[in-house]
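Report on one structure; see the data block that follows.
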Amino acid sequence: MAVITMHKLMGLLMTGGEHGCARVVQAACIIGDAVEQEDHLMCYAKQVSSADHFKVGSHLIELILQTAYIQPPANQSTEGPLAKDMVLSSVILLSAKALRELPDTWSSHMPMLVPPVKWTGYDKGAYLYLPSYVMRTHGARQQRESVKRAPTEQLKPVFEALDTLGSTRWRVNKRVLSIIDRIWASGGCLGDLVDRSDIPLPERPDTEDEALLKKWKWKVKSIKKEKRERHSLRCDTELKLAENEEEEGFFYPHNLDFRGRAYPMHPHLNHLGSDICRGILEFSEGRPLGKSGLRWLKIHLANLFANGVDKLSHEGRLAFTENHLDDIFDSADRPLEGKRWWLSAEDPFQCLAACINLAEALRSLSPETTISHIPVHQDGSCNGLQHYAALGRDKLGAAAVNLVAGEKPADVYSGIAARVLKIMKEDAQKDPAVFPDALRARLLINQVDRKLVKQTVMTSVYGVTYIGARDQIKRRLKERDAIADDAKLFGAACYAAKITLTALGQMFEAARSIMTWLGECAKIIASENEPVRWTTPLGLPVVQPYRKVGRHLIKTSLQVLTLQRETEKVMVKRQRTAFPPNFVHSLDGSHMMMTAIACKKAGLNFAGVHDSYWTHACDVDEMNRILREKFVELYEAPILENLLEGFQQSFPSLTFPPLPDRGILILKKYCSLHISSTKQAEDGTLLVLPRSLIVPPFAMDNGTCFTSV
Numbered sequence: 001m002a003v004i005t006m007h008k009l010m011g012l013l014m015t016g017g018e019h020g021c022a023r024v025v026q027a028a029c030i031i032g033d034a035v036e037q038e039d040h041l042m043c044y045a046k047q048v049s050s051a052d053h054f055k056v057g058s059h060l061i062e063l064i065l066q067t068a069y070i071q072p073p074a075n076q077s078t079e080g081p082l083a084k085d086m087v088l089s090s091v092i093l094l095s096a097k098a099l100r101e102l103p104d105t106w107s108s109h110m111p112m113l114v115p116p117v118k119w120t121g122y123d124k125g126a127y128l129y130l131p132s133y134v135m136r137t138h139g140a141r142q143q144r145e146s147v148k149r150a151p152t153e154q155l156k157p158v159f160e161a162l163d164t165l166g167s168t169r170w171r172v173n174k175r176v177l178s179i180i181d182r183i184w185a186s187g188g189c190l191g192d193l194v195d196r197s198d199i200p201l202p203e204r205p206d207t208e209d210e211a212l213l214k215k216w217k218w219k220v221k222s223i224k225k226e227k228r229e230r231h232s233l234r235c236d237t238e239l240k241l242a243e244n245e246e247e248e249g250f251f252y253p254h255n256l257d258f259r260g261r262a263y264p265m266h267p268h269l270n271h272l273g274s275d276i277c278r279g280i281l282e283f284s285e286g287r288p289l290g291k292s293g294l295r296w297l298k299i300h301l302a303n304l305f306a307n308g309v310d311k312l313s314h315e316g317r318l319a320f321t322e323n324h325l326d327d328i329f330d331s332a333d334r335p336l337e338g339k340r341w342w343l344s345a346e347d348p349f350q351c352l353a354a355c356i357n358l359a360e361a362l363r364s365l366s367p368e369t370t371i372s373h374i375p376v377h378q379d380g381s382c383n384g385l386q387h388y389a390a391l392g393r394d395k396l397g398a399a400a401v402n403l404v405a406g407e408k409p410a411d412v413y414s415g416i417a418a419r420v421l422k423i424m425k426e427d428a429q430k431d432p433a434v435f436p437d438a439l440r441a442r443l444l445i446n447q448v449d450r451k452l453v454k455q456t457v458m459t460s461v462y463g464v465t466y467i468g469a470r471d472q473i474k475r476r477l478k479e480r481d482a483i484a485d486d487a488k489l490f491g492a493a494c495y496a497a498k499i500t501l502t503a504l505g506q507m508f509e510a511a512r513s514i515m516t517w518l519g520e521c522a523k524i525i526a527s528e529n530e531p532v533r534w535t536t537p538l539g540l541p542v543v544q545p546y547r548k549v550g551r552h553l554i555k556t557s558l559q560v561l562t563l564q565r566e567t568e569k570v571m572v573k574r575q576r577t578a579f580p581p582n583f584v585h586s587l588d589g590s591h592m593m594m595t596a597i598a599c600k601k602a603g604l605n606f607a608g609v610h611d612s613y614w615t616h617a618c619d620v621d622e623m624n625r626i627l628r629e630k631f632v633e634l635y636e637a638p639i640l641e642n643l644l645e646g647f648q649q650s651f652p653s654l655t656f657p658p659l660p661d662r663g664i665l666i667l668k669k670y671c672s673l674h675i676s677s678t679k680q681a682e683d684g685t686l687l688v689l690p691r692s693l694i695v696p697p698f699a700m701d702n703g704t705c706f707t708s709v
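Given below as structure tokens:
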């Protein structure tokens with residue numbers, strides 16, 4: 001217990017920010033929990049109450065404070081408030097040996113060298129000995145109990161999907177890692193690597209001018225904040241670079257958040273991380289590219305370069321890669337000494353990995369037989385709106401987010417920007433005396449682009465409010481220094497937010513009506529002091545955890561601890577506003593898990609990052625077929641009808657609004673036939689003409705439903 005206490009307390013103090021401190025409540029809880037886990041590991045004891053956790057933890061902290069007490073210098077008072085400018089005469093330094101060994105103690109849930117234990121229950125699966133839980137409930141009692149009570153047979157598809165995600169074997173791309181190591185050793189600050197050098201604090205000005213001193217204090221405060229952020233990023237980078245370099249293969253156990261989205265349990269180097277993480281990681285198993293894989297590797301490289309290239313058709317992206325072969329070879333051969341073309345990419349380290357693999361393939365006598373370990377991504381196109389379009393059978397919305405085919409991938413952000421610009425041009429022609437917004441429209445016409453509206457469109461599926469949209473657009477305008485006057489800037493942001501939300505409502509009318517219906521149902525339920533609960537298409541029970549927090553006192557030998565603990569009172573507004581996005585997240589989590597299971601059965605290596613699906617380049621066409629089939633399978637079920645029926649069964653005394661009207665889009669048509677082109681029939685439905693088997697079902701060459709962004 002002494003080792004556990006010192007280890008946990010040291011960890012908390014080392015991550016305690018600028019002052020290296022930790023709250024007693026937090027420390028007591030973590031230490032008490034660690035002691036119980038060790039007890040379970042050694043003798044499989046029964047669980048103890050949370051109050052006992054705090055009491056055990058507090059007593060151990062008290063003991064370490066008594067044992068590790070440092071006698072202050074004789075001239076330093078131990079009573080009364082500390083002097084404002086007191087300088088401590090000594091500090092404790094860790095030994096060099098301890099510093100070298102610290103990385104081995106930073107994380108307990110490391111990647112595994114053997115496949116994770118298959119999930120069979122709430123706390124049965126993943127790690128061999130470490131405590132593992134299938135869901136991250138964060139203390140939400142009702143959610144935890146719902147999962148525990150669910151029949152094992154009901155949760156079997158969820159367990160199978162998590163086992164599938166955990167069975168993918170990874171390794172470190174040593175060529176990319178060696179390049180990152182060189183950059184890091186020389187000071188960082190290339191690609192996404194943080195600058196290793198520290199920022200000096202400005203000296204105090206030799207003046208008593210209050211305005212200058214205030215300005216200096218704000219400067220010091222902002223630099224200290226940046227120093228803390230840089231320190232955090234440096235530590236995170238050190239962790240990533242130190243992990244699994246020598247291992248030829250390792251696995252990531254997965255679990256879920258309360259909505260049913262899957263995550264690796266290891267927090268640092270994993271494929272959900274930054275470009276650095278994704279550039280370092282690759283599939284342990286290599287597969288020959290084949291003709292299709294070589295094509296997808298070229299498209300993948302163009303997607304990673306991005307900067308607008310990812311908005312081209314597949315043929316346009318292939319042409320981009322072919323036109324930059326000299327840059328690709330130079331990047332692979334001389335990544336730091338050459339032209340550094342790869343650093344111009346939006347995802348530079350992933351782009352570098354693709355350059356190395358493609359250069360190797362093109363230089364070989366048989367490019368198609370070259371072994372590739374690179375995961376190729378197929379990303380959802382504004383995935384939340386895709387799910388809403390499918391729920392509402394909305395043809396207009398579906399076309400905007402690539403659920404139906406076009407000559408090249410649709411860009412929903414550009415589509416909304418075009419609608420906003422059209423409305424503003426019309427408003428700009430009006431008389432300002434009658435229509436004051438005419439002046440704002442004239443001011444903004446040259447500022448409207450996809451970047452201005454992108455964040456608002458992205459957050460629309462999360463129920464962004466008018467105020468939220470206004471603040472988002474105001475930040476974009478402020479970044480451009482487009483409008484100097486603060487009052488005019490605020491007015492312009494208000495007007496632009498109103499027009500953007502109007503354009504969204506026009507393009508995604510079905511999505512808006514479904515969001516409104518979901519919110520109304522949630523409000524009715526929460527008004528009865530009940531949390532919103534539902535079951536996902538894969539059988540996972542979900543309970544929204546938003547409850548009001550109360551205070552709870554626990555007397556310990558160290559002090560009286562004040563804890564925050566959820567009460568029986570639900571947060572009505574939070575239950576209402578969170579339900580639409582949480583429900584859609586539960587659907588995209590279900591789709592990803594359905595796809596993972598099917599890919600495993602088809603013999604594919606699969607990894608998922610929410611709405612981004614990964615596999616070997618040679619298997620992309622097969623994965624595309626599967627993910628589209630599973631998307632259609634998901635929405636062939638009466639999802640909203642089932643949801644309403646569940647509400648009515650759970651709350652028979654409540655009256656819920658009728659389901660919103662939906663359109664006539666037939667998703668199955670795009671999966672059952674091979675797409676060549678579409679034309680409008682007289683009855684308004686889309687006709688789909690067959691073509692060669694080379695193109696995956698439910699997808700044109702440019703990709704639909706899921707574009708390879």
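Note that the sequence shown covers residues 1 to 709 in the working numbering.
Ideal Cβ placement from N, Cα and C applies to all residues, glycine included.
In this text, all values refer to a predicted model and were calculated from it rather than measured experimentally.
(message) Does the contact criterion of 3 or more C-beta pairs under 8 Å hold for the segment 167-187 versus the segment 130-147?
(response) no
(request) Given a cut-off of 8 Å, decide if Met593 and Ile538 are closer than it, judged by their beta-carbon atoms. (result) One-based indexing of the sequence shown puts residue 538 at position 538. One-based indexing of the sequence shown puts residue 593 at position 593. Inspection of the sequence shows that residue 538 is occupied by Leu rather than by Ile. Yes; because the gap between Cβ atoms is below 8 Å, this pair is in contact.
(message) Please state the DSSP three-state secondary structure of Pro367.
(response) For the purposes of this step, residue 367 is identified with residue 367 of the sequence shown, where counting begins at 1. Of the three classes helix, strand and coil, the one that applies to Pro367 here is helix, per DSSP.
(message) Suppose the cutoff is 8 Å on Cβ atoms and the five residues either side in sequence are ignored; what does the same chain contact list for Thr321 look like?
(response) Here residue 321 is taken as the residue at index 321 of the sequence shown, counted from 1. The answer, listed in chain order, is Lys298, Ile299, Leu301, Ala302, Ile328, Leu358.
(request) Check His387 in the structure and name its three-state DSSP category. (result) The count along the sequence shown starts at 1 and reaches residue 387 at position 387. If DSSP states are grouped into helix, strand and coil, His387 belongs with the helices.
(message) To the nearest angstrom, how far is the alpha carbon of Glu641 from that of Leu659?
(response) By one-based count along the sequence shown, residue 641 stands at place 641. By one-based count along the sequence shown, residue 659 stands at place 659. Their Cα atoms are separated by approximately 8 Å.
(message) Within the continuous beta strand (DSSP E) that includes Glu248, where are the two ends?
(response) Position 248 of the sequence shown, counted from the first residue, corresponds to residue 248. Boundaries for Glu248: no beta strand (DSSP E) harbours it, and the DSSP string shows neither H nor E there.
(request) Let me know the beta strand (DSSP E) ranges lying completely inside the segment 568-633, each 3 residues or longer, listed in chain order. (result) Counting only runs of 3+ residues, the beta strand (DSSP E) found wholly inside the segment 568-633 occupies 607-609, 612-616, in chain order.
(request) Within the same chain, show all residues whose beta-carbon is closer than 7 Å to that of Ile4, passing over the 5 residues directly before and after it, in chain order. (result) Taking the first residue of the sequence shown as 1, we reach residue 4 at position 4. If we look at Ile4 and ignore the five residues flanking it on each side, its Cβ neighbours are Ile31, Ala34, Val35, Glu38.
(request) Check the DSSP bridge columns for Arg533 and list the partner residues they point to. (result) Looking up residue 533 in the sequence shown gives position 533. Paired residue(s): Val543.
(message) Which same chain residues end up closer than 8 Å to Ser292 when comparing Cβ atoms and leaving out the 5 residues on each side of it in sequence?
(response) Residue mapping note: residue 292 aligns to position 292 of the sequence shown, counting from 1. Cβ within range, chain order: Ala617, Cys618, Val620, Asp621.
(request) Could you please give the first and the last residue of the uninterrupted beta strand (DSSP E) stretch that includes Glu282? (result) As a working note, residue 282 is residue 282 in the sequence shown. It spans 281-283 - the beta strand (DSSP E) in which Glu282 sits, taken as one unbroken run.
(message) So, at 6 Å on beta carbons, what are the nonlocal neighbours of Thr535 in its own chain, with the 5 sequence-adjacent residues on each side left out?
(response) The residue you call residue 535 lines up with position 535 of the sequence shown. Pro541.
(message) Looking at Phe508: is its Cβ nearer than 8 Å to the Cβ of Leu385?
(response) If you number the sequence shown from 1, residue 508 lands on position 508. If you number the sequence shown from 1, residue 385 lands on position 385. Yes.
(request) Check Ala262 in the structure and name its three-state DSSP category. (result) Your numbering for residue 262 matches position 262 in the sequence shown. Assignment of Ala262 by DSSP, reduced to helix, strand and coil, places it in the strand class.
(message) Between the alpha carbons of Phe435 and Gly188, how many angstroms are there, rounded?
(response) As a working mapping, residue 435 is identified with position 435 in the sequence shown. As a working mapping, residue 188 is identified with position 188 in the sequence shown. So the alpha carbons of these two residues sit roughly 54 Å apart.
(message) Quick check: Phe283 and Pro367, are their CB atoms within less than 8 Å of each other?
(response) On the sequence shown, position 283 is the one that residue 283 refers to. On the sequence shown, position 367 is the one that residue 367 refers to. Not a contact, by the Cβ cut-off of 8 Å.
(message) Can you tell me whether Glu629 is buried or exposed? The criterion is at least 16 other CB atoms within 10 Å of its CB, across all chains shown.
(response) The residue labelled residue 629 in the question sits at position 629 within the sequence shown. So Glu629 ends up on the buried side.
(request) Starting from Gln648, follow the alpha helix (DSSP H) in both directions and report where the run begins and ends. (result) Counted from its first residue, the sequence shown places residue 648 at position 648. Unbroken alpha helix (DSSP H) run through Gln648: 639-650.
(request) Using three-state DSSP, classify Ile4 as helix, strand or coil. (result) Along the sequence shown, one-based indexing puts residue 4 at 4. Ile4: helix per DSSP, three-state reduction.
(message) On the CB-based measure, 16 or more other CB atoms within 10 Å of its CB, does Val114 come out buried or exposed?
(response) If you number the sequence shown from 1, residue 114 lands on position 114. Around the beta carbon of Val114, fewer than 16 other beta carbons sit within 10 angstroms, so the residue counts as exposed.
(request) For Lys523, collect the residues of the same chain with a Cβ closer than 8 Å to its Cβ; drop the 5 residues on either side in sequence, then sort them by chain order. (result) In the sequence shown, the residue the question calls residue 523 occupies position 523. Result list for Lys523: Val572, Gln575, Arg576, in chain order.
(message) Quick check: what's the CA-CA separation for Ser313 versus Leu365?
(response) Residue 313 sits at position 313 when you count from the first residue of the sequence shown. Residue 365 sits at position 365 when you count from the first residue of the sequence shown. Taking the straight line from one Cα to the other gives about 29 Å.
(request) Can you say whether Trp341 is buried or exposed, counting buried as having 16 or more other CB atoms within 10 angstroms of its CB? (result) The residue you call residue 341 lines up with position 341 of the sequence shown. Under this definition Trp341 is a buried residue.
(request) Just mark Asp195 as buried or exposed, buried being the case when its beta carbon has 16 or more other beta carbons within 10 Å. (result) Here residue 195 is taken as the residue at index 195 of the sequence shown, counted from 1. Answer is exposed; the Cβ neighbour count stays below 16.
(request) Would you mind working out which of Gly166, Arg551, Tyr635 sits nearest Ser590, comparing C-alpha positions? (result) In the sequence shown, the residue the question calls residue 590 occupies position 590. Per the Cα distances, Tyr635.
(message) Just to confirm my understanding: we take Leu776, look at its own chain, exclude 5 residues before and 5 after, and list those with CB closer than 8 Å. What are they?
(response) Residue 776 lies beyond the range of the chain shown here (1 to 709); nothing can be said about it.
(request) Pull up the DSSP beta-bridge partners for Asn255, would you. (result) Here residue 255 refers to the residue found at position 255 of the sequence shown. In the DSSP output, where bridge partners are listed per residue, Asn255 has Tyr263.
(message) I need the boundaries of the alpha helix (DSSP H) containing Gln300, first residue and last residue.
(response) Here residue 300 is taken as the residue at index 300 of the sequence shown, counted from 1. Checking the sequence shown, residue 300 turns out to be His, not Gln. Its alpha helix (DSSP H) spans residues 290-305.
(message) Please state whether the Cβ-Cβ distance between Leu289 and Cys277 is less than 8 Å.
(response) For the purposes of this step, residue 289 is taken as the residue at position 289 of the sequence shown. For the purposes of this step, residue 277 is taken as the residue at position 277 of the sequence shown. In this structure, Cys277 does not lie closer than 8 Å to Leu289 by Cβ.
(request) Keeping to the same chain, check which residues put their C-beta closer than 6 Å to that of Trp216; ignore five residues upstream and five downstream. (result) Within the sequence shown, numbered from 1, the residue matching residue 216 stands at position 216. Pro205, listed in sequence order.
(request) Measure the C-alpha to C-alpha separation of Arg363 and Pro335 and round it to an integer number of angstroms. (result) Here residue 363 refers to the residue found at position 363 of the sequence shown. Here residue 335 refers to the residue found at position 335 of the sequence shown. Roughly 17 Å between the two C-alpha positions.
(message) Assuming contact is defined by CB atoms lying nearer than 8 Å, are Gly608 and Ala596 in contact in what I supplied?
(response) Here residue 608 corresponds to residue number 608 of the sequence shown, with the count starting at 1. Here residue 596 corresponds to residue number 596 of the sequence shown, with the count starting at 1. Cβ atoms of Gly608 and Ala596: closer than 8 Å.
(request) Find out if the Cβ-Cβ distance for the pair Lys474, Ile445 is shorter than 8 Å. (result) Here residue 474 corresponds to residue number 474 of the sequence shown, with the count starting at 1. Here residue 445 corresponds to residue number 445 of the sequence shown, with the count starting at 1. In this structure, Ile445 does not lie closer than 8 Å to Lys474 by Cβ.
(request) Could you please give the first and the last residue of the uninterrupted alpha helix (DSSP H) stretch that includes Pro157? (result) Counted from its first residue, the sequence shown places residue 157 at position 157. That run of the alpha helix (DSSP H) goes 152-166.
(request) Evaluate the contact criterion for the segment 483-492 versus the segment 461-468: three or more CB pairs, one atom per stretch, below 8 Å. (result) no
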